[in-house]
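Student: Quick one: this structure, given as structure tokens, is what I'll be asking you about.
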Amino acid sequence: MTRLRILFHCQHLSGVGHYMRGLALTRELARHHTVWLSDGGRSIPGADPGGGRLLALPRLRRREGRLETLDGRPAAAVWPERARRLAGAVARLAPDVVIVEHYPFSKWGLGAEVTGLLAAARRRNPALLAVCSVRDIPLQTRHEPVPAGDYVREVLARLHQWFDAVMVHADPGLCRLEEAFPAAGRIRLSVGHTGLVPPGPDLAPDAPAGAAGATAGPSPYAVASIGGGRDAAALLARLAAHWPAIRRRAGLDDLPLALFSGLGPPDPALARAVAGQPALSLHPFGPAYSAWLRGAALSISCAGYNTCAQLLQLRRPALLVPNTAMSDQLRRAERLQARGLARLLRPEAFSVAAVADELRALRDAPPADPGVDLDGARGARRFIEGLAGAGGHSDR
Numbered sequence: 030m031t032r033l034r035i036l037f038h039c040q041h042l043s044g045v046g047h048y049m050r051g052l053a054l055t056r057e058l059a060r061h062h063t064v065w066l067s068d069g070g071r072s073i074p075g076a077d078p079g080g081g082r083l084l085a086l087p088r089l090r091r092r093e094g095r096l097e098t099l100d101g102r103p104a105a106a107v108w109p110e111r112a113r114r115l116a117g118a119v120a121r122l123a124p125d126v127v128i129v130e131h132y133p134f135s136k137w138g139l140g141a142e143v144t145g146l147l148a149a150a151r152r153r154n155p156a157l158l159a160v161c162s163v164r165d166i167p168l169q170t171r172h173e174p175v176p177a178g179d180y181v182r183e184v185l186a187r188l189h190q191w192f193d194a195v196m197v198h199a200d201p202g203l204c205r206l207e208e209a210f211p212a213a214g215r216i217r218l219s220v221g222h223t224g225l226v227p228p229g230p231d232l233a234p235d236a237p238a239g240a241a242g243a244t245a246g247p248s249p250y251a252v253a254s255i256g257g258g259r260d261a262a263a264l265l266a267r268l269a270a271h272w273p274a275i276r277r278r279a280g281l282d283d284l285p286l287a288l289f290s291g292l293g294p295p296d297p298a299l300a301r302a303v304a305g306q307p308a309l310s311l312h313p314f315g316p317a318y319s320a321w322l323r324g325a326a327l328s329i330s331c332a333g334y335n336t337c338a339q340l341l342q343l344r345r346p347a348l349l350v351p352n353t354a355m356s357d358q359l360r361r362a363e364r365l366q367a368r369g370l371a372r373l374l375r376p377e378a379f380s381v382a383a384v385a386d387e388l389r390a391l392r393d394a395p396p397a398d399p400g401v402d403l404d405g406a407r408g409a410r411r412f413i414e415g416l417a418g419a420g421g422h423s424d425r
């Protein structure tokens with residue numbers, strides 16, 4: 030069995046969803062192969078690549094539609110140094126496989142960096158396998174401001190010029206690539222659906238509280254979260270302002286609410302709204318969230334990929350209030366509601382009565398067996414091994 034050398038370019042710019050999935054994939058791949066994962070976005074507390082190695086790059090973020098360094102300089106200030114470090118990694122690792130997260134379905138602002146990396150890696154190893162890695166619903170985003178037809182043509186052209194395969198981190202029984210990207214049938218590459226990739230440890234719904242490395246609060250309680258981004262902070266503010274009335278109307282009078290803010294310090298106004306309310310607590314984004322979610326009586330959250338995968342993994346009753354600024358969240362929430370795996374409340378329909386009615390329905394519903402493939406990290410590893418002809422590996 031061949032041990033592959035894998036370089037994984039994974040860049041988060043707004044939220045952290047892509048990178049959390051990248052970490053989960055790296056942990057699984059590194060059980061059998063040598064894996065280097067780029068680390069060039071905002072720092073994530075508790076980021077764990079397992080047996081993989083993190084490749085530090087000058088850090089970038091997206092703010093108000095433009096790419097910049099964390100201290101506010103234009104991204105152009107660090108492109109040369111990022112390119113130098115990536116070229117150095119190619120020279121040292123001589124990768125057999127380069128995985129690129131979500132480009133060219135999005136992240137076009139990274140195009141020169143990605144294609145420069147792929148060109149260098151192919152010069153180093155002409156037999157290079159270049160794999161595009163995408164989430165379940167890769168829709169055009171507001172950051173690719175071209176007509177839909179031009180977007181499709183551009184994605185196909187870049188895929189065919191630079192890549193050998195596309196792996197879609199979805200259960201095809203829940204969502205297939207062609208449902209989000211209708212031109213999928215025109216992709217002349219290997220395409221595989223791996224299953225969903227939950228971001229946290231491989232925990233059973235009844236795993237002991239210490240298994241995630243953190244202890245949750247006293248049961249019962251509810252959790253509210255917005256993932257690692259900050260776009261949907263208004264959801265937490267509205268819940269904090271109205272939680273006493275919501276839980277009273279829902280018949281959940283004794284249920285406290287733990288709110289998890291996005292990456293970085295919480296909004297001061299939110300902190301003030303929570304202060305002095307014994308039924309509310311405010312927590313930072315980080316690894317403790319998994320333990321809190323596992324012990325929660327119910328969850329109120331946006332409908333990001335990682336949150337939904339973890340809700341399915343832990344079988345938590347879930348009310349999804351999608352962040353409609355993100356292209357994929359409404360569609361994901363609709364799919365889960367149609368399968369009876371979550372309830373959906375559109376943000377514009379938010380009211381005390383609407384939230385309370387949905388929570389009462391969750392309280393009264395029996396737990397649902399998701400019946401969804403949540404072994405996407407292992408599925409991705411098998412997909413890559415099959416393409417590379419690396420032979421199978423034991424799943425132990």
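Taking our numbering, the leading residue of the sequence shown gets 30, the next gets one more, and so forth.
Beta carbons: idealized from backbone N, C-alpha and C, even for Gly.
1) If we require 3 or more residues per run, which beta strand (DSSP E) segments fall completely within the region 278-337?
2) Distance check for Pro-78 and Gly-415, CA to CA, integer angstroms please.
3) For the region 301-320 and the region 363-378, state whether three or more C-beta atom pairs, one from each stretch, are separated by less than 8 Å.
4) Are the Cβ atoms of Val-226 and Ala-325 separated by less than 8 Å?
5) When you compare only the Cα positions, how much space is there between Arg-267 and Val-163?
6) How far does the beta strand (DSSP E) with Trp-65 in it extend, from its first residue to its last?
7) Can you confirm whether the region 119-129 touches the region 149-162 when touching is taken to mean that 3 or more C-beta pairs between the two stretches lie within less than 8 Å?
8) Run the CB neighbour count on Ala-194, radius 10 Å, all protein chains shown included, and call it buried at 16 or more, exposed below.
9) Name the two residues that bound the continuous alpha helix (DSSP H) containing His-189.
10) Pull the bridge partners of Met-355 from the DSSP assignment, please.
11) Report the three-state DSSP secondary structure of Glu-97 (helix, strand or coil).
12) Taking the alpha-carbon positions, what's the Ile-329 to Asn-154 distance?
13) In three-state terms, what does DSSP make of Pro-133?
14) So is Gly-202 buried or exposed if we call it buried at 16+ other beta carbons inside 10 Å?
15) Over the uninterrupted alpha helix (DSSP H) stretch that includes Ala-141, give me the two end residues.
16) From the DSSP secondary-structure annotation, give me the bridge partner or partners of Pro-399.
17) Would you kindly report the start and end of the unbroken beta strand (DSSP E) that includes Val-381?
18) Quick one: residues in its chain with C-beta nearer than 8 Å to the C-beta of Ile-4, no 5 flanking neighbours on either side, listed in chain order?
19) In angstroms with no decimal places, state the Cα-to-Cα distance between Thr-196 and Phe-379.
20) Return the CA-CA distance between Arg-32 and Ala-177, expressed in angstroms with no decimal places.
21) Can you tell which of Asp-200, Leu-327, Ser-254 and Gly-80 has its C-alpha closest to the C-alpha of Val-401?
22) Please look up how many angstroms separate the CB atoms of Gly-44 and Gly-257, rounded, as I've assumed it's under 8 Å.
23) Given a cut-off of 8 Å, decide if Ala-212 and Pro-167 are closer than it, judged by their beta-carbon atoms.
24) Nearest-angstrom Cα distance between Pro-273 and Ala-385?
25) Check His-222 in the structure and name its three-state DSSP category.
26) Compute the beta-carbon to beta-carbon distance between Leu-299 and Leu-311, rounded to the nearest angstrom, for a pair I have assumed lies under 8 Å.
27) Would Gln-190 be called buried (16 or more neighbouring beta carbons within 10 Å of its own) or exposed?
28) Can you give me the start and stop residues for the beta strand (DSSP E) that Phe-37 sits inside?
29) If distances are taken between C-alpha atoms only, which option among Arg-410, Trp-108 and Arg-215 comes closest to Gly-69?
30) When you compare each of Arg-345, Leu-188, Gly-315 and Leu-99 to Val-220 by their alpha carbons, which one comes out closest?
Tutor: On the basis of the supplied data:
1) 286-289, 309-312 and 327-330
2) 23 Å
3) no
4) no
5) 32 Å
6) 63-68
7) yes
8) buried
9) 177-191
10) Answer by DSSP bridge pairing: none, since Met-355 is not bridged.
11) strand
12) 47 Å
13) coil
14) exposed
15) 140-153
16) Answer is none; Pro-399 lacks a bridge partner.
17) Val-381 -> not in any beta strand (DSSP E); alpha helix (DSSP H) instead, spanning 381-393.
18) With the chain running from 30 to 425 in the structure shown, residue 4 is simply not present.
19) The question names Thr, yet the displayed sequence has Met at residue 196. Roughly 36 Å between the two C-alpha positions.
20) 41 Å
21) Asp-200
22) 5 Å
23) no
24) 11 Å
25) strand
26) 7 Å
27) exposed
28) 34-38
29) Trp-108
30) Leu-188
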